[in-house]
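Enquirer: This is the structure I want to talk about, given as structure tokens.
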Amino acid sequence: MQKFFLYARKSTDVEDKQILSIEAQITELREFAKRENLEVIEEFIEKQTAKVLGRPIFNEMLNRIEKGEANGIVSWHPDRLARNSVDGGRIIYLLDCGQVTSLKFPQFWFESTPQGKFMLNIAFGQSKYYVDSLAENTKRGLRQKVRRGEYPGPAPIGYINDSRTKTIAVDKNKEKLIHQAFELYAQRNSRMEKIAHFLAQHNIKSRSGKLWHDDRVRRLLTNPFYYGHFRYAGEIYEGKHEPIIAKKLFDQVQEVIKQRGKTD
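Quick note, the sequence shown lines up with residues 9 to 272 if you use this note's numbering.
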């Protein structure tokens with residue numbers, strides 16, 4: 009008699025936005041299994057992308073199938089099982105070996121025949137193609153954004169991500185204090201530790217909300233974003249955002265950092 013494992017998965021990836029929630033998948037799959045008279049002996053639930061290897065719950069399920077605990081899988085669609093060629097290939101191999109004798113999907117027809125395996129291979133291939141295309145389109149979109157002078161990331165301290173205009177704007181509550189921090193260091197009588205104290209004293213927290221230390225201060229003082237440029241993929245680009253300091257002040261600070269070296 010066939011025994012099934014139920015597998016439900018949803019990640020926070022863009023390609024999963026339109027997929028049913030975990031709870032909705034489980035409800036639908038339970039009802040589907042009941043209609044099809046499938047004996048589900050255990051449910052496996054995972055909140056992780058299927059485009060990379062190493063899903064622990066998925067691997068546990070297949071390992072237990074290899075031990076003979078079950079010989080079938082119920083899932084919403086083949087793309088819930090695999091979005092990469094290795095995991096997809098592993099399922100096909102288990103079908104070829106007879107360790108998996110049945111796959112049941114409410115959203116996809118499958119039977120363990122040469123034609124069925126061929127269609128399953130196509131479904132896995134389409135899932136991988138979709139992920140690869142999405143990744144390439146995302147990269148292309150980021151490159152276009154960078155070329156327009158738009159920083160594709162969270163705003164540094166002293167700026168805010170304006171959700172209304174989809175731009176990065178100066179944080180008027182912190183602008184002057186950030187400017188002062190650069191000026192203090194450029195005067196050569198303030199070290200990293202003093203700048204950290206200055207920022208903490210004025211309730212300026214790091215982006216992670218943690219206390220300032222020398223490395224965080226150094227990252228702030230060497231960030232070209234503050235004079236109107238930004239660093240992306242190892243290159244410096246001119247940004248469309250409003251600078252907080254002049255390039256001259258930034259260069260003065262870099263010179264002080266260079267002269268002091270790592271003894272600061």
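Idealized CB from N, CA, C, for every residue including glycine. Note that this is a predicted model, so its numbers are computed, not measured.
Out of His210, Ile212, Arg224 and His187, state which residue places its alpha-carbon closest to the alpha-carbon of lysine 256.
Expert: It is His187 whose Cα lies nearest to the Cα of lysine 256.
Enquirer: Out of curiosity, what's the CA-to-CA distance linking leucine 103 and arginine 172?
Expert: 51 Å
Enquirer: In whole angstroms, what separates the C-alpha of isoleucine 99 from that of glutamate 31?
Expert: 24 Å
Enquirer: Measuring CB atoms only, is the region 114–123 touching the region 161–178, in the sense that at least three cross pairs come out at less than 8 Å?
Expert: no
Enquirer: Note down the Cα distance separating glycine 217 from asparagine 211, rounded to an integer number of angstroms.
Expert: A straight-line Cα-Cα distance of about 10 Å links glycine 217 and asparagine 211.
Enquirer: Using only the alpha-carbon positions, how far apart do leucine 207 and tryptophan 220 sit?
Expert: For leucine 207 and tryptophan 220, the distance between alpha carbons rounds to 8 Å.
Enquirer: If you compare alpha carbons, which of Leu89, Val261 and Glu263 is closest to leucine 61?
Expert: Leu89
Enquirer: Quick check on valine 22: buried or exposed, where buried means 16 or more other Cβ atoms within 10 Å of its Cβ?
Expert: With a pLDDT of 47 at valine 22, under the threshold of 50, the modelled position of this residue cannot be trusted; read the value that follows with caution. By the 10 Å Cβ count, valine 22 comes out exposed.
Enquirer: Can you tell which of Ser83, Arg43, Phe12 and Tyr193 has the C-alpha that lies nearest to the C-alpha of glutamate 5?
Expert: Missing from the structure shown is residue 5; the chain here goes from 9 to 272 and no further.
Enquirer: Under a three-way DSSP split, which group does asparagine 2 fall into?
Expert: Since the displayed the chain opens at 9 and closes at 272, residue 2 lies outside it and no answer follows.
Enquirer: Can you give me the Cβ contacts of arginine 203 inside the same chain, cut-off strictly under 7 Å, excluding the 5 residues immediately before and after it?
Expert: Note that residue 203 corresponds to isoleucine in the displayed sequence, not to arginine. Counting only Cβ-Cβ distances below 7 Å, and skipping sequence neighbours, we find Ala189, Leu192, Tyr193 and Val225.
Enquirer: Could you pull the start and end residues of the beta strand (DSSP E) that alanine 241 belongs to?
Expert: Here alanine 241 belongs to no beta strand (DSSP E), and DSSP marks it neither H nor E.
Enquirer: So what's tyrosine 167 in DSSP terms, helix, strand or just coil?
Expert: strand
Enquirer: Would you kindly report the start and end of the unbroken alpha helix (DSSP H) that includes phenylalanine 40?
Expert: 30–43
Enquirer: What separation, rounded to the nearest whole angstrom, lies between the Cα atoms of aspartate 179 and phenylalanine 258?
Expert: Cα to Cα, the separation comes out at about 19 Å.
Enquirer: Would you mind listing the alpha helix (DSSP H) stretches within the region 95–177 that are 4+ residues and don't spill past its ends, in chain order?
Expert: 122–155
Enquirer: What is the residue span of the beta strand (DSSP E) that valine 48 lies within?
Expert: 48–54
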